[in-house]
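Numbering (full-length UniProt numbering), first residue to last: 1 to 146.
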């Protein structure tokens, strides 16, 4: 069949390259589907379902949104690392990050303020006090036929 064993780190890196959110990292009980890029999942024009009223009443105005970050160099941001503007202002937090062996550079998923979520926005990842330049992108990071 051609299968070989792979560890959890390999699985997590593949998940990250595919831009797939993971419960406990990108998805929590406090995360609204639209924040995580999953606004299409709860179809609000369906008849009543558990949670429909809460989703319809939710205000997303200032809630952080999930973005992809492509960083320079070889130092990857990890869960909990701050995302900052190039001037050093905190605008978000990384939820998952790794050095992508497929792409050859660091990638991360992070929640950032809506004002800093547009693809192409220049940001920085605070890796133990050093600001690593990063650019906002739309996941997935890797596309098989790209």
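Heads up, the beta-carbon is just placed ideally off N, CA and C, and yes, glycines get one too.
Predicted model only: the values in this text are computed from it and were never measured.
Buried or exposed by the 16-neighbour rule on C-beta atoms within 10 Å, applied to residue i
i           : result
residue 64  : buried
residue 17  : buried
residue 134 : buried
residue 2   : exposed
residue 22  : exposed
residue 28  : exposed
residue 7   : exposed
Terminal residues of the alpha helix (DSSP H) in which residue i lies
i           : result
residue 13  : 8-17
residue 210 : The chain is shown only over 1 to 146; residue 210 falls outside these bounds and no answer can be derived.
residue 71  : No alpha helix (DSSP H) contains residue 71, which is instead part of the beta strand (DSSP E) from 65-71.
Rounded Cβ spacing between residue i and residue j (contact assumed at less than 8 Å)
i          : j           : result
residue 60 : residue 34  : 6 Å
residue 83 : residue 112 : 5 Å
residue 71 : residue 80  : That pair is no contact at about 16 Å.
residue 66 : residue 98  : That belief does not hold up - the Cβ atoms of residue 66 and residue 98 are roughly 16 Å apart, past 8 Å.
residue 85 : residue 25  : Not quite, the Cβ-Cβ distance comes to about 23 Å (not below 8 Å), so this is no contact.
Same chain only: Cβ atoms within 8 Å of residue i, ignoring 5 sequence neighbours per side
i          : result
residue 49 : 42
Cβ shell of residue i (< 6 Å), same chain only, five flanking positions each side left out
i           : result
residue 139 : 19, 68
residue 53  : none
Residue span of the beta strand (DSSP E) that contains residue i, given as start and end
i           : result
residue 98  : 90-100
residue 131 : 130-137
residue 109 : 105-112
Between the stretch 93-112 and the stretch 123-137, do at least 3 Cβ pairs fall closer than 8 Å? In short, these stretches touch, since the Cβ pair count reaches three.
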